[in-house]
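Participant: Before we start, here is the structure in question, set down as structure tokens.
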Amino acid sequence: MADAVVLEGLVKTFGGSLAVDHLSLRVPAGSMFGLVGPNGAGKTTTLSMATGLLRPDHGTATILGHDVWSDPAAAKAVMGIAPDGMRLFDTLSGGELLQFVGELRSMPRVLVRERSAELIQVLGLGKAENVVVADYSAGMTKKIGLACALLHAPRLLVLDEPFESVDPVSADTILAILRRFVAGGGTVIMSSHSMEFVEVVCDRVAVVAAGRVRAAGTTAQVQGGMPLRQRFLSLVGATGMPADGGLQWLQS
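Using this note's numbering, read the sequence shown as starting at 279 and increasing by one per residue.
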């Protein structure tokens with residue numbers, strides 16, 4: 279398959295601390311791609327550089343043939359992003375926010391109204407359409423963020439912890455939308471801390487630790503015949519509890 283995303287030699291430092299260390303990764307078009315790693319592994323920084331939110335110190339990022347930094351308008355036109363903790367214009371209602379995003383994308387107003395209405399209905403936000411986003415729950419905020427990312431019908435979705443704080447019913451709806459998106463030729467990259475979820479949902483996965491890719495390929499290849507959680511722990515060098523059990527003072 280052709281590659282929807284090509285990252286080559288990405289490097290990013292913060293105050294002398296190396297967050298991403300010459301990271302290279304390819305994401306085939308039409309895949310549901312999981313990016314997993316421990317806290318501080320560099321996942322969010324990598325996704326930020328891949329989508330043009332953060333300039334790398336070195337390296338390149340290409341989205342569907344468009345260089346993110348030499349041709350940012352073309353690259354951003356074909357992607358939709360929903361970073362974890364993304365600041366929204368939360369004094370707008372959900373409906374107003376989608377209208378505003380449509381204006382930013384130079385979409386016809388009639389088309390924005392049609393798509394907004396459908397997204398709000400499918401995502402179960404009908405009762406909150408006229409409520410300001412500042413009053414949304416964490417799960418509702420995730421859903422309106424996804425609606426904003428989908429509004430212009432991108433070919434690539436980049437989602438940071440898309441199912442965090444989302445109830446099971448809403449998660450099932452979101453997953454159905456993402457699977458339909460991929461079936462229609464789109465590509466999804468999602469970061470997640472849930473190994474079990476990634477193992478079931480994603481057909482390809484990359485494990486990142488200390489700013490480097492430790493393993494990447496089909497989910498089965500990365501698993502290597504073991505549960506993804508176990509494989510992940512072996513790759514990132516998890517130490518677990520000390521041999522003597524530790525924390526003896528917690529025992530009664």
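For glycine and all other residues, C-beta sits at the position ideal for the given N, C-alpha and C.
From L525, F510, V500 and V485, pick the residue whose C-alpha is nearest to that of L313; which is it?
Facilitator: The shortest Cα separation from L313 among L525, F510, V500 and V485 belongs to V485.
Participant: With 16 other CB atoms within 10 Å as the buried threshold, where does D450 fall?
Facilitator: exposed
Participant: Which residue spans inside the segment 402-470 form an unbroken beta strand (DSSP E) run of at least 3?
Facilitator: 434-438 and 465-469
Participant: In the DSSP assignment, find the alpha helix (DSSP H) that holds P306 and state where it starts and stops.
Facilitator: Per DSSP, P306 belongs to no alpha helix (DSSP H); it is in the beta strand (DSSP E), S295 to P306.
Participant: Reducing DSSP to helix, strand and coil, say where T329 ends up.
Facilitator: Coil.
Participant: Please name the residue in L301, L506, G320 and L376 whose C-alpha comes closest to that of A339.
Facilitator: L301
Participant: When DSSP labels each residue in this structure, what does S348 get in the three-state scheme?
Facilitator: coil
Participant: Using 10 angstroms around the beta-carbon of P440, count the other beta-carbons present and answer buried if the total reaches 16, otherwise exposed.
Facilitator: buried
Participant: Spatial neighbours of D368 within its chain, please: C-beta separation below 7 Å, excluding the five flanking residues on both sides.
Facilitator: V410, V411 and A412
Participant: Nearest CA to the CA of V500: which residue from A328, D481, V460 and G337?
Facilitator: D481
Participant: Where do the N-terminal and C-terminal ends of the beta strand (DSSP E) with T291 fall, by residue?
Facilitator: Counting along the chain, the beta strand (DSSP E) containing T291 begins and ends at D281 to F292.
Participant: So, are the CB atoms of A282 and I341 less than 9 Å apart?
Facilitator: yes
Participant: So what's V356 in DSSP terms, helix, strand or just coil?
Facilitator: coil
Participant: I need the DSSP call for M310, collapsed to helix, strand or coil.
Facilitator: strand
Participant: Kindly provide the ranges of any beta strand (DSSP E) runs that are 3 or more residues long and lie completely inside the segment 471-503, ordered along the chain.
Facilitator: 482-487 and 490-496
Participant: Pull up the distance between the alpha-carbon of T329 and that of K354, whole angstroms please.
Facilitator: 7 Å
Participant: From the DSSP secondary-structure annotation, give me the bridge partner or partners of A339.
Facilitator: L285
Participant: Which term fits E396, buried or exposed, when burial requires 16 or more other beta carbons within 10 angstroms of its beta carbon?
Facilitator: exposed
Participant: Please classify D438 as buried or exposed, where buried requires at least 16 other C-beta atoms within 10 Å of its C-beta.
Facilitator: buried
Participant: Could you say if the segment 472-481 and the segment 319-327 meet the contact criterion of at least three C-beta pairs nearer than 8 Å?
Facilitator: Contact between the segment 472-481 and the segment 319-327 is not established, with fewer than three Cβ pairs separated by less than 8 Å.
Participant: Would you call S470 buried or exposed, if buried means 16 or more other Cβ atoms sit within 10 Å of its Cβ?
Facilitator: buried
Participant: Taking 9 Å as the cut-off, decide whether the C-beta atoms of A425 and G372 are in contact.
Facilitator: yes
Participant: On the DSSP bridge assignment, give the partners of S384 in chain order.
Facilitator: Answer is none; S384 lacks a bridge partner.
Participant: Just grab the DSSP bridge partners of S371 for me.
Facilitator: Per DSSP, V410.
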